[in-house]
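Okay, structure first, notes after.
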Amino acid sequence: MGYGKFEQLKKAYQGKRVLLTGHTGFKGSWMCRILTLTGAKVTGYALKPPTCPSLFDTADIGAAVQSVEGDVRDLQKLMEVFRQAEPEMVFHLAAQPIVRESYENPVYTYETNVMGTVNLLECARQTSSVKSLVNITTDKVYENREWEYGYRECDPLDGYDPYSNSKSCSELVTHSYAKSFFADGHCRISTARAGNVIGGGDFARDRIIPDCIRAVSAGKTIQVRNPYSIRPYQHVLEPLGAYLMIGAMQLEDKRFCGYYNVGPDDEDCVTTGELTDLFCRAWGNNVSWESQAEEGPHEANFLKLDCSKLKTTFGWKPRYHVQEAVEKTVEWAKAYLAGEEMTEVMDRQILEFFNLPGKPQERYLK
Numbered sequence: 002m003g004y005g006k007f008e009q010l011k012k013a014y015q016g017k018r019v020l021l022t023g024h025t026g027f028k029g030s031w032m033c034r035i036l037t038l039t040g041a042k043v044t045g046y047a048l049k050p051p052t053c054p055s056l057f058d059t060a061d062i063g064a065a066v067q068s069v070e071g072d073v074r075d076l077q078k079l080m081e082v083f084r085q086a087e088p089e090m091v092f093h094l095a096a097q098p099i100v101r102e103s104y105e106n107p108v109y110t111y112e113t114n115v116m117g118t119v120n121l122l123e124c125a126r127q128t129s130s131v132k133s134l135v136n137i138t139t140d141k142v143y144e145n146r147e148w149e150y151g152y153r154e155c156d157p158l159d160g161y162d163p164y165s166n167s168k169s170c171s172e173l174v175t176h177s178y179a180k181s182f183f184a185d186g187h188c189r190i191s192t193a194r195a196g197n198v199i200g201g202g203d204f205a206r207d208r209i210i211p212d213c214i215r216a217v218s219a220g221k222t223i224q225v226r227n228p229y230s231i232r233p234y235q236h237v238l239e240p241l242g243a244y245l246m247i248g249a250m251q252l253e254d255k256r257f258c259g260y261y262n263v264g265p266d267d268e269d270c271v272t273t274g275e276l277t278d279l280f281c282r283a284w285g286n287n288v289s290w291e292s293q294a295e296e297g298p299h300e301a302n303f304l305k306l307d308c309s310k311l312k313t314t315f316g317w318k319p320r321y322h323v324q325e326a327v328e329k330t331v332e333w334a335k336a337y338l339a340g341e342e343m344t345e346v347m348d349r350q351i352l353e354f355f356n357l358p359g360k361p362q363e364r365y366l367k
């Protein structure tokens, strides 16, 4: 069961009208490219790319989608986009996603992550074409007690920092709308709680792999803030494939609606220091790192997910171990620094991930 192979995804999404918020971000750009390869009709709604450079611009993601610049806090504009696009499927990725920035700008974080979700769900409520909706949140929605076991979907929600807490609120808003307005199943709704993602094209600040790439590109020693913090690191294509699977499966059968953790297996939940070691080995050239003592705002030290529900329900399992995820990220970064055509690099990595060799432009695109 599920949409493990690319041909299965193509069958599910070819010709579908899909609206994606946050499409100019790191995960959104990869999502756009996957959907483009399936032949979906994609409308993206987001602010300008959040970084410069950005994956969205570097790989010319906007060339193959209908890209609309807008803020999810703007209900009227978002509603107009829904009316024009008449989407059948919606994926909500738009967010203020950085923990440290949420301490700096808590009001903006709550406005975007909570009221942005309210606005999206209200648009879906008033748009009869929408049949499947997936709200992407985070593994940080849980009340984190630094326990050894992975958090399950039934565990309490109560993120600590403004980012994590606002995403907990986004979950609760989604649950309320699902029960209050979509209980008849005319639109199927799920939330997906993903772990930390790595992959090519992430240029964000305060993320370990982008920080590593910036340091080694400048010939500097990598600085690691919290080397002993354990996180569920996974390649970006892992959760994106899961989101697309959930969206397609619940469209077929409303029994698949629910709340799902998406993360790596336990052996791939590593410390930030271990992840940086893997990066250094993959990069080569004797690059190294050092611990940077820093009194920063509170961040969880231990966090991992129990993904048994996703595995049992869909037969899903991660494709890459963390070492492979790092190697694919380094492969992308070196190609970028060498001036390669990054759209082609993305397409190759997408089809490799879904176990389909060959040239996507010749074999899979219309």
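Reading the sequence shown from the start, the letters are residues 2 to 367 in our numbering.
By construction, the Cβ of each residue, glycine as well, lies at the ideal position given by its N, Cα and C atoms.
Can you have a look at residue i and say buried or exposed, based on whether 16 or more other CB atoms are within 10 angstroms of its CB?
i: T222; result: exposed
i: P54; result: exposed
i: D212; result: buried
i: V108; result: exposed
i: K6; result: exposed
i: E172; result: buried
i: A309; result: Looking at the sequence itself, residue 309 is Ser, so the reference to Ala does not match. The residue is exposed, with fewer than 16 neighbouring Cβ atoms inside 10 Å.
i: K42; result: buried
i: K180; result: exposed
i: D269; result: buried
i: E363; result: Because E363 sits at a pLDDT of 34, beneath the cut-off of 50, its placement in the model cannot be relied upon, and the point is left open.
i: G202; result: buried
i: E253; result: exposed
Roughly how many angstroms lie between the CA atoms of residue i and residue j, to the nearest whole one?
i: G63; j: E149; result: 42 Å
i: S289; j: P98; result: 28 Å
i: E291; j: V271; result: 17 Å
i: T138; j: A339; result: 34 Å
i: I199; j: D156; result: 26 Å
i: Y36; j: W317; result: Note on residue identity: the sequence assigns Leu, not Tyr, to residue 36. Whole-angstrom Cα-Cα distance: 19 Å.
i: K329; j: R320; result: 12 Å
i: G248; j: M90; result: 7 Å
i: Y244; j: T39; result: 15 Å
i: Y161; j: E70; result: 31 Å
i: N120; j: Q85; result: 16 Å
i: I351; j: E102; result: 30 Å
i: G151; j: G242; result: 21 Å
i: D207; j: I231; result: 16 Å
i: G306; j: M343; result: Residue 306 is actually Leu in this sequence, not Gly. Answer to the nearest angstrom: the Cα atoms are 32 Å apart.
i: G359; j: M116; result: Because G359 carries a pLDDT of 41, less than 50, the predicted location of this residue cannot be relied on, and the following value inherits that uncertainty. The straight-line gap from Cα to Cα measures roughly 43 Å.
i: L279; j: N136; result: 31 Å
Could you tell me how far apart the beta carbons of residue i and residue j are, in whole angstroms, since I believe they sit closer than 8 Å?
i: Y46; j: L20; result: 7 Å
i: T59; j: Y337; result: 7 Å
i: M246; j: F315; result: 6 Å
Classify residue i as helix, strand or coil using the three-state DSSP reduction.
i: L279; result: helix
i: L122; result: helix
i: Y143; result: strand
i: Y365; result: With a pLDDT of 30 at Y365, under the threshold of 50, the predicted position of this residue should be treated as unreliable, and no value is reported.
i: L20; result: strand
i: T52; result: coil
i: Y229; result: coil
i: R34; result: helix
i: Y178; result: helix
i: Y150; result: coil
i: W290; result: strand
i: N356; result: coil
i: M2; result: Here M2 scores only 37 on pLDDT, less than 50, and its place in the model should not be relied on; the value that follows carries that caveat. Reduced to three states, the DSSP call for M2 is coil.
i: K255; result: helix
i: T113; result: helix
i: L306; result: strand
i: A184; result: coil
When the cut-off is 7 Å and only beta carbons count, does residue i lie next to chain B?
i: Q85; result: Here chain B cannot be found, since the structure has a single protein chain.
Note down, one range per segment and in chain order, each alpha helix (DSSP H) of at least 4 residues found wholly within the stretch 56-109.
-> Listed in chain order, the complete alpha helix (DSSP H) runs (minimum 4 residues) inside the stretch 56-109 are 56-59, 76-86, 100-105.
Report the residue ranges of all beta strand (DSSP E) runs contained in full by the stretch 186-250; include only those spanning at least 3 residues, in chain order.
-> Counting only runs of 3 or more, we get 189-195, 223-225.
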